[in-house]
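What follows is a short report on a single structure.
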Amino acid sequence: MTHPTTYAPGSPRQVLHLAWPIGVSMISFTLKGFIDMLLVGRLGIEALGAVGLASVMAWTLMSFPLGMLRGQRPLVSQYFGAGDRIAAYSYGIHAFYLAVAWGLLSLLLAGPVAVLVIDLTGSKLTADARGFAVAYLETRLVWAGAWLMNVSVAEYLRATSRPRYGMAADLLAHPTNVALSWILIFGLFGMPALGVQGAALGTGLADLLALCLMIWLARPRKATEGEPWAYRWRRMKKVLATGITGGVQFVLESGAFALITAMIGLLGTTALAVHQAAIQLVHLSIMPAIAIADGGATLIGQYIGEKKPDYAERSLHSALRICAIFMACMGVVYFFFGEELVSVFLKKDEVDYEAALALGGKVMLAAALWQLGDSYQVAFRFGLRAAGDHHWVMYTGILCSWVLSVPLAWAVVHIFDGNLAHVWFSWTAEIFLGGAIFWWRWKSGAWRNKRLVEDEPAEAPAEVLAEPIAPLAMVEPRPLANEEERQP
Numbered sequence: 007m008t009h010p011t012t013y014a015p016g017s018p019r020q021v022l023h024l025a026w027p028i029g030v031s032m033i034s035f036t037l038k039g040f041i042d043m044l045l046v047g048r049l050g051i052e053a054l055g056a057v058g059l060a061s062v063m064a065w066t067l068m069s070f071p072l073g074m075l076r077g078q079r080p081l082v083s084q085y086f087g088a089g090d091r092i093a094a095y096s097y098g099i100h101a102f103y104l105a106v107a108w109g110l111l112s113l114l115l116a117g118p119v120a121v122l123v124i125d126l127t128g129s130k131l132t133a134d135a136r137g138f139a140v141a142y143l144e145t146r147l148v149w150a151g152a153w154l155m156n157v158s159v160a161e162y163l164r165a166t167s168r169p170r171y172g173m174a175a176d177l178l179a180h181p182t183n184v185a186l187s188w189i190l191i192f193g194l195f196g197m198p199a200l201g202v203q204g205a206a207l208g209t210g211l212a213d214l215l216a217l218c219l220m221i222w223l224a225r226p227r228k229a230t231e232g233e234p235w236a237y238r239w240r241r242m243k244k245v246l247a248t249g250i251t252g253g254v255q256f257v258l259e260s261g262a263f264a265l266i267t268a269m270i271g272l273l274g275t276t277a278l279a280v281h282q283a284a285i286q287l288v289h290l291s292i293m294p295a296i297a298i299a300d301g302g303a304t305l306i307g308q309y310i311g312e313k314k315p316d317y318a319e320r321s322l323h324s325a326l327r328i329c330a331i332f333m334a335c336m337g338v339v340y341f342f343f344g345e346e347l348v349s350v351f352l353k354k355d356e357v358d359y360e361a362a363l364a365l366g367g368k369v370m371l372a373a374a375l376w377q378l379g380d381s382y383q384v385a386f387r388f389g390l391r392a393a394g395d396h397h398w399v400m401y402t403g404i405l406c407s408w409v410l411s412v413p414l415a416w417a418v419v420h421i422f423d424g425n426l427a428h429v430w431f432s433w434t435a436e437i438f439l440g441g442a443i444f445w446w447r448w449k450s451g452a453w454r455n456k457r458l459v460e461d462e463p464a465e466a467p468a469e470v471l472a473e474p475i476a477p478l479a480m481v482e483p484r485p486l487a488n489e490e491e492r493q494p
């Protein structure tokens, strides 16, 4: 296939061409979460700490389906690169069916699961904080289906080199989320004041809006009889086989992070509040880095599908250079302005304000230290998975989390009687060692033999262009059908 740019194959400019819309989406997502936490912070440290814990638990519970849905990316991008548009679109549809199933399960189990999880992880919370956490988590789980379906469509669009459509949906949905949260948290314009539950409900309603827009953007230009919407167990098995490694990795890594968060909860509500503030700040560096790695991974998958591994390797190196430079710059910001950044999440009239501010400054020093190591982890993880080496990525990610991060955090809290900053400093070992291991795996060249594209039985002829019709010219200035006639 040809690619919709005139940039050199695998060059930094080609990576950035795909990465910048993803970056805008992720920055928008980060700012949305940032503002949400600022709004919740106006309710007090108890509310902020409770929502911090509940947010981590919501992410942990959704990490398995999220990992599975992201697992479609290598499949779609490699088949797209190999020129089989119908198969690429069909795999995206099957991932969407999977998202629907997970959303229904989450809706049915939201109430009892929220109570059980908060009771297990929030034993040190006050009664009020526990109530906040349960209400927030239950509401997030009720609306999880809209988010998961949105993820499945966005992953398909990114894998087929059309991230601008996802960006358009996010730029509409995320400000809507902030507005709804503001109204529902504080009870403006005649609405009841729902407090922390309003923040979760605002997120759910905005996710539903984004889903509707994404489905409209991703619909094919021409419909066909039974293809590619028809359910095929053979293709679903392949989606499951590829996605389950991402699901297992996501859930175990998120489980490790949730366990560490529970340990931090033993340090008190103030530590939880500072931890949540620091997580939001770190997202300002990690989300754009993930966007860059996503752009590189899309190209890697497509070039592997085209049987051009040298271009795939060039794409990885371009993504790594951009990630490393960006994250190093963010590390400098965290190092010199850590306290000032944390302070925006805290209320000055809180009793623990000064202690929380000092602790937050130390936590951001730790974050500054491991930015460069994290750039290696992000770039090589995404590159290996896009190339089809997803089993190895799963095993290594799990081992790094459970052999290094969890034991170190446990030792800091239970043996050395450390504080939150010490826990964050302990992550430096896992981040740098993990980055080195992923780099070694890429250098070994094993990924060159992991191509996912296989010859499949012939199917009924179909003329599917996974490209929306004319009204989207405002989002993607030139239609893909024309762009594909241009050589790289």
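Under our numbering, the first residue of the sequence shown is numbered 7, with each subsequent residue one higher. The C-beta atom is built at its ideal place from N, Cα and C for all residues, glycine as well. Remember, predicted model here, so these are calculated numbers, not experimental data.
Residue i, DSSP secondary structure in three states
i: Lys449; result: helix
i: Trp149; result: coil
i: Asp90; result: coil
i: Glu460; result: coil
i: Lys130; result: coil
i: Gly440; result: helix
i: Met312; result: Looking at the sequence itself, residue 312 is Glu, so the reference to Met does not match. Of the three classes helix, strand and coil, the one that applies to Glu312 here is coil, per DSSP.
i: Ala14; result: coil
i: Phe195; result: coil
i: Ala34; result: As written in the sequence, residue 34 is Ser, which differs from the Ala given in the question. Correct three-state label for Ser34: helix.
i: Leu81; result: helix
i: Gly55; result: helix
i: Leu207; result: helix
i: Gly50; result: coil
i: Gly201; result: coil
i: Arg170; result: helix
Sub-8 Å separation of residue i and residue j beta-carbons
i: Lys130; j: Leu272; result: yes
i: Ala393; j: Ile310; result: yes
i: Met333; j: Ser291; result: yes
i: Tyr142; j: Val202; result: yes
i: Val119; j: Met155; result: no
i: Ala283; j: Phe388; result: no
i: Ala179; j: Ile191; result: no
i: Val348; j: Leu326; result: no
i: Ala224; j: Tyr162; result: yes
i: Ala318; j: Val384; result: no
i: Ala299; j: Met63; result: no
i: Lys353; j: Gly73; result: no
i: Gly151; j: Ser112; result: yes
i: Trp503; j: Tyr382; result: The structure shown does not extend to residue 503, since the chain spans only 7 to 494, so no value can be given for it.
i: Thr127; j: Ala262; result: no
CA-to-CA distance, residue j to residue i, given in whole angstroms
i: Ala88; j: Ala94; result: 9 Å
i: Phe138; j: Tyr103; result: 33 Å
i: Leu217; j: Val82; result: 20 Å
i: Ile189; j: Val30; result: 25 Å
i: Gly210; j: Glu144; result: 11 Å
i: Val399; j: Ser407; result: 12 Å
i: Tyr13; j: Phe431; result: 41 Å
i: Arg238; j: Ser96; result: 9 Å
i: Leu24; j: Val245; result: 24 Å
i: Leu67; j: Val280; result: 22 Å
i: Arg164; j: Arg457; result: 19 Å
i: Pro467; j: Ile92; result: Reliability of the predicted coordinates at Pro467 is poor, the pLDDT of 41 falling under 50, and the value obtained from them is presented with this limitation in mind. Approximately 9 Å, taken between the alpha carbons.
i: Met480; j: Leu219; result: Interpretation of Met480 is limited by its pLDDT of 28, a score under 50 that renders its predicted location unreliable; the figure taken from the coordinates is listed afterwards. Computed Cα separation, rounded: 14 Å.
i: Glu473; j: Gln286; result: A caution first: Glu473 carries a pLDDT of 44, below 50, which makes its placement in the model too unreliable to give a value.
i: Leu426; j: Leu258; result: 22 Å
i: Ile306; j: Trp453; result: 11 Å
i: Met173; j: Ala297; result: 12 Å
i: Leu214; j: Glu436; result: 37 Å
i: Gly424; j: Leu414; result: 11 Å
i: Leu365; j: Glu346; result: 12 Å
i: Phe386; j: His420; result: 33 Å
i: Ala442; j: Thr402; result: 11 Å
i: Ala53; j: Met32; result: 25 Å
i: Glu312; j: His100; result: 23 Å
i: Ser61; j: Ala212; result: 17 Å
i: Pro181; j: Pro15; result: 35 Å
To test your reading of the DSSP string, which unbroken beta strand (DSSP E) runs of 3 or more residues are found completely within the segment 221 to 308? none
Would you mind listing the beta strand (DSSP E) stretches within the segment 343 to 426 that are 3+ residues and don't spill past its ends, in chain order? none
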